[in-house]
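Asker: Take this structure, written in structure tokens, and hold onto it; I'll ask about it next.
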Amino acid sequence: MTGWSLGLRTGSDGSLQQLAQNGVCHSQNSFVSRKGSKTSLSGFREKEKWLPSICRFLVRKQVGMLILVAFALLAFVVGFSMVNKDDASRDSKLDFKERFENNTYHVSALLTRKVMVCGENKAQLPPPHALAMIQAKDFTAFPHPCQNFAFPPPPPGDRRRIGPRPCRVCYVPVEQAIARMPRVPSASPGLQHLTYFHEQIPIKTEPHGGSAFGGYPSLVERNMSFDIKESMTVHCGFVKGCRPGDRTGFDIDAADLKKMEKYHDIIVASAIFGNYDVIQQPKNSGKIARENVPFYMFVDEETEASLKNSSLLDSRNRVGLWRIILVRNVPYSDARRNGKVPKLLLHRLFPNVRYSIWIDGKLQLVVDPYQILERFLWRQNATFAISRHYRRFDVFEEAEANKAAGKYDNVSIDHQIDFYKKEGLTAYSEAKLPITSDVPEGCVIMKEHIPITNLFTCLWFNEVDRFTSRDQLSFSTVRDKLMAKVSWNVNMFLDCERRNFVIQAYHRDLLEQRAHMTVLRSHPPPALVRDKSVRDSSTSKSPVRRPPKHGKGERKSNSRRHRRAGSGNRGSSTTI
Numbered sequence: 001m002t003g004w005s006l007g008l009r010t011g012s013d014g015s016l017q018q019l020a021q022n023g024v025c026h027s028q029n030s031f032v033s034r035k036g037s038k039t040s041l042s043g044f045r046e047k048e049k050w051l052p053s054i055c056r057f058l059v060r061k062q063v064g065m066l067i068l069v070a071f072a073l074l075a076f077v078v079g080f081s082m083v084n085k086d087d088a089s090r091d092s093k094l095d096f097k098e099r100f101e102n103n104t105y106h107v108s109a110l111l112t113r114k115v116m117v118c119g120e121n122k123a124q125l126p127p128p129h130a131l132a133m134i135q136a137k138d139f140t141a142f143p144h145p146c147q148n149f150a151f152p153p154p155p156p157g158d159r160r161r162i163g164p165r166p167c168r169v170c171y172v173p174v175e176q177a178i179a180r181m182p183r184v185p186s187a188s189p190g191l192q193h194l195t196y197f198h199e200q201i202p203i204k205t206e207p208h209g210g211s212a213f214g215g216y217p218s219l220v221e222r223n224m225s226f227d228i229k230e231s232m233t234v235h236c237g238f239v240k241g242c243r244p245g246d247r248t249g250f251d252i253d254a255a256d257l258k259k260m261e262k263y264h265d266i267i268v269a270s271a272i273f274g275n276y277d278v279i280q281q282p283k284n285s286g287k288i289a290r291e292n293v294p295f296y297m298f299v300d301e302e303t304e305a306s307l308k309n310s311s312l313l314d315s316r317n318r319v320g321l322w323r324i325i326l327v328r329n330v331p332y333s334d335a336r337r338n339g340k341v342p343k344l345l346l347h348r349l350f351p352n353v354r355y356s357i358w359i360d361g362k363l364q365l366v367v368d369p370y371q372i373l374e375r376f377l378w379r380q381n382a383t384f385a386i387s388r389h390y391r392r393f394d395v396f397e398e399a400e401a402n403k404a405a406g407k408y409d410n411v412s413i414d415h416q417i418d419f420y421k422k423e424g425l426t427a428y429s430e431a432k433l434p435i436t437s438d439v440p441e442g443c444v445i446m447k448e449h450i451p452i453t454n455l456f457t458c459l460w461f462n463e464v465d466r467f468t469s470r471d472q473l474s475f476s477t478v479r480d481k482l483m484a485k486v487s488w489n490v491n492m493f494l495d496c497e498r499r500n501f502v503i504q505a506y507h508r509d510l511l512e513q514r515a516h517m518t519v520l521r522s523h524p525p526p527a528l529v530r531d532k533s534v535r536d537s538s539t540s541k542s543p544v545r546r547p548p549k550h551g552k553g554e555r556k557s558n559s560r561r562h563r564r565a566g567s568g569n570r571g572s573s574t575t576i
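In this text, residue positions in the sequence shown follow the working numbering: the first is 1, and each later residue adds one.
Structure (structure tokens):
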């Protein structure tokens, strides 16, 4: 406590104004003089006079400090409310482009959210050998080998094989498929430059605003993201950094990130989280694909531990053709929702890739990747391809099927469908043609990485992040909103065609359950085994009675009676 404050308190008999006029300077001077004469008797008596005053001061100080703190808080609240009113009036005059796209933020916005924009990725040029491989032979001048291919009729019904089946698909030879790869990227209608929001500490502003990994985009930002412009900035996961996988959630080792950032014409990707599936090895991939098309499998720590325990993972972090990419700090507790990150955001994880094929972890690829892309993208002049559901075409029917199968809690599904209904979602009908379905079979996705397809999967992911993880429910909403703005379409091919190039296995839990049932069938319970052994032992102890052999010419006794008894027994068993 300073000498000034002591003099102020000990000389106070009334108001602070009287202190200022009468005793402040004097008290300060007397205190200084007393400090210089510590050994004098008068100084000792003065200290005795000051002790009761100090005690009273300490008691009054607690009450006074509380009063001062209360006044300070009141002044802060009043001042802050005045500033916020002024800022709100200014913020209402700033449109979305001024606040975000041009990186200009108002002071009040910075107090609550510090949002930045990641720079646009400049894709690397392909290495010379890749272009030379494509341009070695040009088959585009010749008639297409599949131009006269007639789609076969559906196979006849088979009671032993119920459910969807594959159908015939015409593929060109691998060498021709490689030569038919487009030499330049496809045009991106409407959108030319796409960048992404970056926020170190995302703040949730709405009850249904998604996750911290997705950045909690508001409904206003969501609606504006469907307004296609030449340059756009949107939320697209990995919001905590501009290098996806580098301390953004869904974290990946630096060595793996470096490999993923290299240029590739084509990649194949899949994921298994929660040790949910068994890795299926690709088949029938040609030599060029095995050497130039990397196969990436994203796994979490639980799945990696299972691979190590089963001795499937080699020293190069590979399981056959699959390169295993370990993901730490997964953003969601639900393993299936974590799988949506690589499924829909491959363009962020692989910024220098032209084409990607996504397959779910339970699928086995059985056709060369070049042939698949030639058939479903390049031949159709498409930039995005996905198969339609084999049975359902309507989102409302898909929602009811999800609820009946317990795919997600019913309340969340109903909330999502009601939200889309208010936005104008209607049941599928022929009026939507040439759109053939509103429900995809989303286990396989083929995509060219250009701005419009990257935007589509970003916005699709945002819907999955905001609502349920059942991506079939949100697919048509995002697709239709983009198609209403620009001339762009999705190639939704038949499900039987998808089943031609992938074989669908069961999830791990079903495989283990089937294996357990097989073991039970081959090994009966111990009680049955004991009964059988007892029966066998009793049978072995009693001698087998054989009918006596009659000599030559000896008459058989009661043969007619035995024949009648036998015929009577056969008739009774038939009746039964």
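Every residue gets a Cβ at the ideal spot worked out from N, C-alpha and C, and that includes glycine. Since the structure is predicted, the reported quantities are computational estimates derived from the model, not experimental observations.
For Ala401 and Arg247, I'd like the C-alpha separation in whole angstroms.
Answerer: Distance between the alpha carbons of Ala401 and Arg247: 38 Å.
Asker: Within its chain, find whatever has a CB closer than 7 Å to the CB of Val220; leave out the 5 residues flanking it on each side and keep chain order.
Answerer: Answer for Val220: no residue qualifies.
Asker: Mind checking which residues open and close the alpha helix (DSSP H) that includes Asn500?
Answerer: Per DSSP, Asn500 belongs to the alpha helix (DSSP H) from 495 to 501.
Asker: Can you list, in chain order, the residues of its chain whose CB lies under 8 Å from that of Leu312, leaving out five sequence neighbours each side?
Answerer: Same-chain partners within the cutoff: Ile279, Val319.
Asker: Let me check understanding here. Comparing Cα to Cα, which of Phe238, Asn148, Phe475, Glu302 lies closest to Phe273?
Answerer: Nearest option by C-alpha distance: Glu302.
Asker: Leaving out the 5 sequence neighbours to the left and right, which residues in its chain are closer than 8 Å to Leu321 when beta-carbon positions are compared?
Answerer: So the qualifying residues of the chain are Gln281, Pro282, Ser285, Arg290, Phe295.
Asker: Could you name the residues of the same chain whose beta carbon sits closer than 7 Å to that of Thr453, not counting the 5 residues immediately before and after it, in chain order?
Answerer: Cβ neighbours of Thr453 beyond the five flanking positions: Thr383, Phe384, Lys447.
Asker: Exposed or buried, Gly163, counting other C-beta atoms within 10 Å across all chains shown (16 or more means buried)?
Answerer: Answer is exposed; the Cβ neighbour count stays below 16.
Asker: By Cβ distance below 8 Å, which residues in the same chain neighbour Thr436 in space, the five residues on each side in sequence not counted?
Answerer: Answer for Thr436: Arg388, Phe393, Met492, listed in chain order.
Asker: According to DSSP, what are the bridge partners of Ser270?
Answerer: Its beta-bridge partners are Met297.
Asker: State the DSSP-derived secondary structure class of Pro207, mapped to helix, strand or coil.
Answerer: Three-state result, Pro207: coil.
Asker: Can you tell me whether DSSP reads Lys47 as helix, strand or coil?
Answerer: With a pLDDT of 49 at Lys47, under the threshold of 50, the predicted position of this residue should be treated as unreliable, though the coordinate-derived value follows. Residue state, collapsed to three classes: helix.
Asker: Can you tell me whether Asn491 is helix, strand or coil according to DSSP?
Answerer: Reduced to three states, the DSSP call for Asn491 is strand.
Asker: Rounded to the nearest angstrom, how far is the Cβ of Gln504 from that of Leu365, given a contact under 8 Å?
Answerer: The pair is not a contact, with the Cβ atoms about 11 Å apart (cut-off 8 Å).
Asker: Would you please state the rounded distance, in angstroms, between the beta carbons of Pro182 and Ile266? I believe it to be under 8 Å.
Answerer: Not confirmed; about 12 Å, so no contact.
Asker: Should Phe151 be flagged as near chain B, meaning a C-beta pair shorter than 9 Å?
Answerer: No chain B appears in the structure shown, which is made up of a single protein chain.
Asker: Quick one: residues in its chain with C-beta nearer than 8 Å to the C-beta of His198, no 5 flanking neighbours on either side, listed in chain order?
Answerer: Only Val115, Met116, Val117, Cys118, Val239, Lys240, Gly241, Cys242 meet the Cβ criterion.
Asker: Contact between the region 228 to 235 and the region 251 to 269: three or more CB pairs below 8 Å?
Answerer: Short answer: they don't touch.
Asker: Taking all protein chains shown into account, do 16 or more other C-beta atoms lie within 10 angstroms of the C-beta of Val184, making it buried, or fewer, making it exposed?
Answerer: The residue in question, Val184, is exposed, as its Cβ has fewer than 16 Cβ neighbours within 10 Å.
Asker: Just curious, the beta strand (DSSP E) that Ala385 is in, first and last residue?
Answerer: 384 to 388 is the span of the beta strand (DSSP E), which, as asked, contains Ala385.
Asker: Looking at Val395: is its Cβ nearer than 9 Å to the Cβ of Asp438?
Answerer: Contact flag set, yes.
Asker: What does the alpha-carbon distance come out to for the pair Gly190 and Trp460?
Answerer: Rounded to the nearest angstrom, the two C-alpha atoms are 18 Å apart.
Asker: Scan the region 329 to 394 and note each continuous beta strand (DSSP E) run of 3 residues or more that stays entirely inside, going in chain order.
Answerer: You should have 353 to 359, 363 to 365, 384 to 388.
Asker: Specify, as a first and last residue, the run of the beta strand (DSSP E) that Met116 falls within.
Answerer: Taken as a continuous stretch (DSSP letters only), the beta strand (DSSP E) holding Met116 covers 115 to 118.
Asker: Rounded to a whole number of angstroms, what is the C-alpha to C-alpha distance between Ser412 and Arg336?
Answerer: Distance between the alpha carbons of Ser412 and Arg336 is about 16 Å.
Asker: Measure the alpha-carbon distance for Lys259 versus Val169 and round it to whole angstroms.
Answerer: Computed Cα separation, rounded: 34 Å.
Asker: Could you have a look at Gln147 and say whether DSSP puts it in helix, strand or coil?
Answerer: Of the three classes helix, strand and coil, the one that applies to Gln147 here is coil, per DSSP.
Asker: Apply the 10 Å Cβ neighbour rule to Ile201 and answer buried if 16 or more other Cβ atoms are within range, or exposed otherwise.
Answerer: The residue in question, Ile201, is exposed, as its Cβ has fewer than 16 Cβ neighbours within 10 Å.
Asker: Can you give, in chain order, each stretch of the beta strand (DSSP E) that sits fully within the region 426 to 473 and has at least 3 residues?
Answerer: Those beta strand (DSSP E) runs which fall completely within the region 426 to 473 and span 3+ residues are 440 to 448.
Asker: Out of Asp409, Ile178, His415, state which residue places its alpha-carbon closest to the alpha-carbon of Val293.
Answerer: Among Asp409, Ile178, His415, the Cα nearest to that of Val293 is on Ile178.
Asker: I need the straight-line Cα distance from Asp253 to Trp358, nearest angstrom please.
Answerer: Rounded to whole angstroms, Asp253 to Trp358 spans 21 Å at the Cα level.
Asker: Thinking just about the alpha-carbon of each residue, which of Thr426, Lys343, Ala72, His347 is nearest to the one in Arg584?
Answerer: No statement about residue 584 is possible, as the shown extent of the chain runs from 1 to 576 and does not include it.
Asker: What does DSSP give as the partner residue(s) for Gln504 in the beta ladder?
Answerer: For Gln504, which the question treats as bridged, DSSP gives the partners Leu363.
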